[in-house]
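Asks: These protein sequence lines map, in sequence, to chains A and B.
According to our numbering, the first sequence holds residues 21 to 172 in order.
According to our numbering, the second sequence holds residues 3 to 299 in order.
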Amino acid sequence: MGFSLTVNGDRLSCAADPATPLVDILREEMHLTGAKPVCREGFCGACMVLVDGEPTPSCLVPAALADGREIHTVEGLAPHGALNRIQTALEASDAVQCGMCFPGMVVSLTHLLTARPDASRDDIRAALTGNICRCTGYERIVEATLLALATR
Amino acid sequence: MMSGSPIQDSAVVTHDAPASIYVARSLAGALDALGEYGTAGAPFAGGTWIMRSPIRHQPLKTHYVAIGRLPELTAVRISSDAIEIGATITHAALAAALAGLPEFAGLAAAAGHSANPAIRAMATIGGNLATSEFAAADCVPALLCLDADVEISDRRGREHLSLTDFLKIRSTLAPGRLVTRIILPRTERKTAHVRLPLRRAGDYPVAIVSLSVSLDATSRVQAARIAVGSVEATARRWPRLEAALLGRPLDATAVARTATELTDEFVGRDSVDAPAWYRVSVLPGLVRRAAIAALGS
Chain A
21 MGFSLTVNGD
31 RLSCAADPAT
41 PLVDILREEM
51 HLTGAKPVCR
61 EGFCGACMVL
71 VDGEPTPSCL
81 VPAALADGRE
91 IHTVEGLAPH
101 GALNRIQTAL
111 EASDAVQCGM
121 CFPGMVVSLT
131 HLLTARPDAS
141 RDDIRAALTG
151 NICRCTGYER
161 IVEATLLALA
171 TR
Chain B
3 MMSGSPIQDS
13 AVVTHDAPAS
23 IYVARSLAGA
33 LDALGEYGTA
43 GAPFAGGTWI
53 MRSPIRHQPL
63 KTHYVAIGRL
73 PELTAVRISS
83 DAIEIGATIT
93 HAALAAALAG
103 LPEFAGLAAA
113 AGHSANPAIR
123 AMATIGGNLA
133 TSEFAAADCV
143 PALLCLDADV
153 EISDRRGREH
163 LSLTDFLKIR
173 STLAPGRLVT
183 RIILPRTERK
193 TAHVRLPLRR
203 AGDYPVAIVS
213 LSVSLDATSR
223 VQAARIAVGS
233 VEATARRWPR
243 LEAALLGRPL
253 DATAVARTAT
263 ELTDEFVGRD
273 SVDAPAWYRV
283 SVLPGLVRRA
293 AIAALGS
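#1: Show which residues of chain A have a CB atom less than 7 Å away from the CB atom of residue 118 of chain B.
#2: Give a yes or no on whether the C-beta atoms belonging to residue 214 of chain B and residue 202 of chain B are separated by under 8 Å.
#3: In angstroms, rounded to a whole number, what distance separates the CA positions of residue 91 of chain A and residue 124 of chain B?
#4: Per DSSP, what kind of secondary structure is residue 145 of chain A in: helix, strand or coil?
#5: Where do the N-terminal and C-terminal ends of the alpha helix (DSSP H) with residue 107 of chain A fall, by residue?
#6: For residue 49 of chain A, which residues in the same chain have their Cβ closer than 7 Å to its Cβ, ignoring the five residues on either side in sequence?
#7: Compute the beta-carbon to beta-carbon distance between residue 71 of chain A and residue 47 of chain A, rounded to the nearest angstrom, for a pair I have assumed lies under 8 Å.
#8: Give me the chain B residues within the contact set of residue 23 of chain A, using Cβ-Cβ distance strictly less than 8 Å, ordered along the chain.
#9: Classify residue 284 of chain B: buried if its beta carbon has 16 or more other beta carbons within 10 angstroms, exposed otherwise.
#10: Closest Cβ-Cβ distance between residue 50 of chain B and chain A: below 8 Å?
#11: CB of residue 82 of chain B to nearest heavy atom of the ligand GTP: below 7 Å?
#12: So what does residue 190 of chain B bridge to, in DSSP terms?
#13: Taking all protein chains shown into account, decide if residue 57 of chain B is buried (16 or more other Cβ within 10 angstroms of its Cβ) or exposed.
#14: What residues from chain A crowd round residue 36 of chain B, counting only those whose CB sits closer than 8 Å?
#15: Check whether the Cβ of residue 63 of chain A lies closer than 8 Å to any Cβ atom in chain B.
#16: What is the DSSP secondary structure of residue 20 of chain A, counted as helix, strand or coil?
#17: In the DSSP assignment, find the beta strand (DSSP E) that holds residue 79 of chain B and state where it starts and stops.
#18: Quick one: what does DSSP say residue 173 of chain A is sitting in, helix, strand or coil?
#19: Under the rule that 16 or more other beta-carbon atoms within 10 Å means buried, what is residue 169 of chain B, buried or exposed?
#20: Quick check: what's the CA-CA separation for residue 96 of chain B versus residue 83 of chain B?
#21: Taking Cβ positions, are residue 67 of chain A and residue 86 of chain A nearer each other than 8 Å?
#22: When you compare only the Cα positions, how much space is there between residue 2 of chain A and residue 145 of chain A?
#23: In whole angstroms, what separates the C-alpha of residue 22 of chain A from that of residue 32 of chain B?
#24: Could you give the residue range of the alpha helix (DSSP H) that holds residue 127 of chain A?
#25: So is residue 52 of chain B buried or exposed if we call it buried at 16+ other beta carbons inside 10 Å?
#26: Go ahead and pull the three-state DSSP assignment for residue 124 of chain B.
#27: Could you give the distance in angstroms between the alpha-carbon of residue 137 of chain B and the alpha-carbon of residue 171 of chain A?
#28: Could you say if the segment 190 to 202 of chain B and the segment 57 to 67 of chain B meet the contact criterion of at least three C-beta pairs nearer than 8 Å?
#29: With 16 as the cutoff for other CB atoms within 10 Å, does residue 25 of chain B come out buried or exposed?
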């Protein structure tokens, strides 16, 4: 049995077993390696993607329930070769880090900028509760997000 | 645009992969499927527990019935005398539905501060109640304080039982039976839910105290329900502490002092995140914070 996923705007078929975590399909079948399988428990946020527009840990979504859904990975948040608003602000603020947690951070913050254009510093911190950074570089990320929010 | 492309011949291999996940389109269809699968099947709601089975070295079931998108199970009905909560409403949706209902501030806090935002948008209240191995479930003690009833359905019909009774049987619930609703009576009361995670947010709580009190015209406690979660394997009420509150003003310092005298009623559970003694020792402090929060609600 196969599944049909729309990933970054492209309709793709998938032959994985029904309980295969979405993160493994993205990485191993579709070669989209931005989402990282780290804790596989929904705690760390390194595998965060947008499913029907909502930040979702892709380690906890089985293939069968990704069927028919709109999925956006970190690779598809901006047109090819361009950066979206939060990506631009993170680069300008020198907040980009090692790359393990960062794609998930970008996904969560991309959603925040859309869903909460009036977000405060505390709102940003709350939105990042499920994105753990072992470099502990949160402050620059929060500052960059405030910059992005101020850049309309 | 995505930068990769699908490779049809390299399906991802998973260990213990189930034979099927049936996405139910109606509650009747879900109950039929669960009945057919029997012991080989189980419901799949938010998936935040089941998808972590490999980490716990637990095999997956052969069949799952996905129930997370059933309109019958995601509604919250609010009437003047009761609230009926569909079992697959997510924590985030439940917290939003309870906003503006002060007597449910405790449950709203439990649903609105558990885990992290993405998990709250997936994990369901029915899953929180039915997962007997999950000691740190936030909604269980919060619902114990609200005199909750649980509706269980199968192909033959449905029945109601108290949450306290449900917690006793949940690990042996017969195949084919499904938690479908939680029913809460409405009454004037003050409620609170406090938790102690190792980090400020995003972690399992070491201990949880939920509290519900009704005060008389002189601000003395007429009725009290206090429940403790995450300290033992299953959340439960604290009857002696509840009794000690009756007839007195709700005084946070006094109730914390009484709690200190009664903590030997609990035998904490040891785990990698916190030792048993620590879970018990923080209870008086959490009781004090719960009383303060309830008075402010």
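Glycine included, every Cβ here is placed at the ideal spot set by N, Cα and C.
Keep in mind that this is a model prediction, so the values were computed, not measured.
Replies: From the atom records:
#1: Residues of chain A passing the Cβ test: 149 and 150.
#2: Pairing residue 214 of chain B with residue 202 of chain B gives a Cβ-Cβ distance that is not under 8 Å.
#3: Roughly 16 Å between the two C-alpha positions.
#4: In the structure shown, residue 145 of chain A sits in a helix (DSSP, three-state: H, G or I).
#5: Here the alpha helix (DSSP H) through residue 107 of chain A covers 105 to 112.
#6: Excluding sequence neighbours, residue 49 of chain A sits near 34 and 36.
#7: The Cβ separation is near 16 Å, so there is no contact.
#8: The premise fails here: residue 23 of chain A is roughly 10 Å from chain B at the closest Cβ pair, so nothing lies under 8 Å.
#9: Under a 10 Å Cβ-count criterion, residue 284 of chain B is classified as buried, with 16 or more other Cβ atoms of the shown protein chains found around its own Cβ.
#10: Using a CB distance cut-off of 8 Å, residue 50 of chain B counts as an interface residue toward chain A.
#11: The ligand content of the structure shown is nil, which means the ligand GTP is not present either.
#12: Looking at the DSSP assignment, residue 190 of chain B forms no beta bridge with any residue, so it has no partner.
#13: Residue 57 of chain B is exposed by the Cβ-count criterion.
#14: Correct list: empty, because the minimum Cβ distance to chain A is about 16 Å.
#15: Taking 8 Å as the threshold, the shortest C-beta distance from residue 63 of chain A to chain B falls below it.
#16: Since the first and last residues shown for chain A are 21 and 172, residue 20 of chain A lies out of range.
#17: 78 to 80 is the extent of the beta strand (DSSP E) around residue 79 of chain B.
#18: Absent from the model: residue 173 of chain A. The displayed extent of chain A is 21 to 172, so no value can be given.
#19: So residue 169 of chain B ends up on the buried side.
#20: Distance between the alpha carbons of residue 96 of chain B and residue 83 of chain B: 18 Å.
#21: For residue 67 of chain A and residue 86 of chain A, no; Cβs fall outside 8 Å.
#22: Residue 2 of chain A lies beyond the residue range present for chain A, which begins at 21 and ends at 172; the question has no answer from this structure.
#23: Whole-angstrom Cα-Cα distance: 21 Å.
#24: Where residue 127 of chain A is concerned, the enclosing alpha helix (DSSP H) stretches over 122 to 135.
#25: With 16 or more other Cβ atoms within 10 Å, it is buried.
#26: Under the three-state reduction of DSSP, residue 124 of chain B is assigned to coil, being neither helix nor strand.
#27: For residue 137 of chain B and residue 171 of chain A, the gap between their C-alpha atoms comes out near 44 Å.
#28: The segment 190 to 202 of chain B is not in contact with the segment 57 to 67 of chain B.
#29: Burial is judged here by how many other beta carbons sit within 10 angstroms of a residue's own beta carbon; residue 25 of chain B has at least 16 and is buried.
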